[in-house]
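Presented below is the structure to which this report refers.
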Amino acid sequence: VHNSQDAVVLCSPKGAFVYANPSAYEFFGFQRREETVLTHLHDLVCPSDRERFETTVWPRILEGPWEGEVRFCRQDGRTQVGWLRAGVVPGDTGTPEFAYAIIRDISHLKAAEEAVRHAEEYYRTLFRTSRDAVVVTDGSERIVDVNEPAFPNMFGYLRHEVLGQPLSMLTAHETESSSASGLEAALRAERATLKWRRKDGSLFTGEATLGVLQDANAGLRGYVRVIRDVSEREGILQRLEQAYHDLKSLDELKDKFLAGISHDLRAPLVPVRAFLEKLLQGRWGPLTLRQEEFLRYCLIGVSREMILVEELLDYTRIRSGSLTLRSEKVDLQDVIRASLFLLKILAETNRLTVVVDMPVEPIPIMGDYNKLLRIFHNLFSNAVKYNRPGGHVTVRGKWEGPARFRVSVEDSGIGIPQEDLRRIFDDFYRVGDSGTVARGSGIGLAVVRELVRLHGAELDVQSTLGVGSMFAVIFPVAGQG
Ligand code: ADP
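In the numbering used here, each residue carries its 1-based index in the sequence shown increased by 3.
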């Protein structure tokens, strides 16, 4: 008794302590043995349990052995839950001489029990309040539990109608499920979207998340499936997909239409421009000043139209991936000279000064003459379009080392905000207020970028808002021979 881990107390039939072992001092929080003298077991019972103890428990103990849970108050005020086994030691006369009490501290057990109870309550609440249906099955996939109200709401079955039934009553038949052979696999997957069956036979798409339940020996106890009705999401996805396909085919139709129309638009312009150029060059006799002036206007108009149409053509070729170069050895000087002809006419009409600063030697590069013309026509016409009255356009050429030649086009125009600089080469992108300055399609620079890339050249752009812009193309120069 002295060495027992349980608290052992011997009392008078009225409950006064006669003996207490060391575990009892510890259990009740006594420091010294003397403190137990004059102590009554009743007084150590917690106030909440005391009345029951005095009126029911103690009389029972005096009649014979009793055991049960009792809450005691320690000397330091803490509550201690004990499992009490008590009875009496009869005296010579047969009446109880002593009562004994053996108390095992079960506070930790109680705390653990409480924690388990809280956890269970917590998960029960989750189970009950979940908007997803939860289905618990045993190892052979028979339903052992479902949550309410989410499960009945989703499936139309009441809880008792499905308990003990096979899970297969809730799934679509193999033939109805979108992936027949996949149904088994989907049911075993950690997360899978599959077709489920309601009580009325209708099907819906549900995303199921699977959890495996194990028993104490890590054996299979069953499964938990959390099922979310995603039919609405599926519907939206399908509509989105449809819209995407519709848009894609519309986009392709647009490209086809653009390709066709720009081709047809271009054809009649080619001879018109050629005749105008020849007339202006005086090939068919001298012109009066008036005639020359009007012919110039005509040439500008036709040239603008052609640039636009050719841009469109190139754009559609870029989109379809069919833009290729007819590459040959070209003298960049020839390209620039030919483009300057147009630039000078445009500049004159807009009262702009053109400054040309080019070296005189040939600059051999590998490229497509017509596409190179397009690059410069584009940059030159932008330099004129986005300029200010009385401004200038400077075309400068200079070597960058022995194998690179840089041609820059500087203007004194409206400039481009820094945040737009990277986007001006995107399809159809135009800087916010450009529309008020000049009309345009927004594809010119997109085409320039692609043509520059195909020539193995690089682009450089710098611009200051309100001061002007500089667009430069740096070409790799072809070796001699
Ligand atoms: P657009 O047909 O509109 O001229 P581009 O692709 O040639 O199309 O140019 C895209 C946009 O870049 C233009 O709308 C304009 O806002 C801006 N931009 C191009 N070149 C210049 C320039 N030299 N000065 C100022 N802004 C320019």
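Using N, Cα and C, we set each Cβ at its ideal position, and we do this for glycine too.
Let me check understanding here. Comparing Cα to Cα, which of the options lies closest to residue i?
i    : options                : result
G204 : L343, L186, Q8, Y160   : Y160
L206 : V412, V233, V147, L216 : V233
V470 : I417, P169, F56        : I417
E351 : S415, H395, T96, I366  : H395
V387 : N220, E403, V412       : V412
F75  : S51, E151, E66         : S51
G90  : I105, R77, V84, G80    : I105
A270 : A246, R307, L335, E313 : E313
F474 : N385, T82, E296        : N385
G445 : I321, F297, F428, L47  : F428
H380 : V480, V358, L316, I310 : I310
S361 : L346, N353, I378, I339 : Sequence inspection shows Met at residue 361; the Ser mentioned does not correspond to that position. Of the listed residues, the one whose Cα sits closest to M361 is I339.
R134 : T356, I146, F158, V147 : F158
R329 : D267, L457, D463, E237 : L457
A19  : V60, D46, L256, L112   : D46
H163 : V149, A175, T174, S171 : V149
R107 : N24, F154, H121        : N24
F101 : R236, L261, V21        : V21
T132 : Q34, L290, V215, V229  : V229
R276 : S252, D267, K257, R307 : R307
What would DSSP say about residue i, mapped onto helix, strand or coil?
i    : result
L197 : strand
M157 : helix
C49  : coil
I408 : Position check: residue 408 holds Phe in this sequence, whereas Ile was assumed. DSSP places F408 in strand when its eight states are reduced to three.
T42  : coil
M361 : coil
P289 : coil
R307 : helix
F75  : strand
V4   : coil
L468 : coil
P479 : strand
K257 : helix
L25  : For the record, residue 25 in the displayed sequence is Pro; it is not Leu. Helix.
I427 : coil
F20  : strand
V312 : helix
A350 : helix
A83  : Here residue 83 is Gln; the residue named in the question, Ala, does not match the sequence. Of the three classes helix, strand and coil, the one that applies to Q83 here is strand, per DSSP.
T59  : helix
I417 : coil
When burial is assigned at 16 or more other CB atoms within 10 Å of the CB, is residue i buried or exposed?
i    : result
W199 : buried
V273 : exposed
G263 : exposed
A183 : With a pLDDT of 47 at A183, under the threshold of 50, the predicted position of this residue should be treated as unreliable, and no value is reported.
I368 : buried
N156 : exposed
F431 : exposed
A136 : buried
W287 : exposed
S143 : exposed
Q83  : buried
T98  : exposed
D463 : exposed
G484 : Bear in mind that the predicted position of G484 carries a pLDDT of just 48, short of 50, making it too unreliable to give a figure here.
G304 : exposed
V333 : buried
G85  : buried
Q8   : exposed
Y247 : exposed
S265 : buried
T327 : exposed
D371 : buried
I239 : exposed
G209 : buried
DSSP puts residue i in a beta bridge; with which residues?
i    : result
D141 : G225
I105 : V11, R88
L537 : Limits of the chain in this structure are 4 at one end and 484 at the other, which puts residue 537 out of reach.
G400 : V410
H395 : T356
L298 : DSSP output for L298 lists no bridge partner at all.
I368 : V333
W69  : A89
L462 : V476
T128 : T128 is not bridged to any residue.
A136 : I230
D148 : V139
P99  : P93
Quick check on residue i - is its C-beta less than 7 angstroms from some C-beta in chain C?
i    : result
R409 : Absent here is chain C; the protein component of the structure consists of one chain.
- Message: What ranges does the beta strand (DSSP E) occupy inside the segment 170–254, keeping only unbroken runs of at least 3 residues that lie completely in it?
- Response: Counting whole runs of 3 or more residues, the segment 170–254 contains the beta strand (DSSP E) stretches 194–200, 206–217, 223–232.
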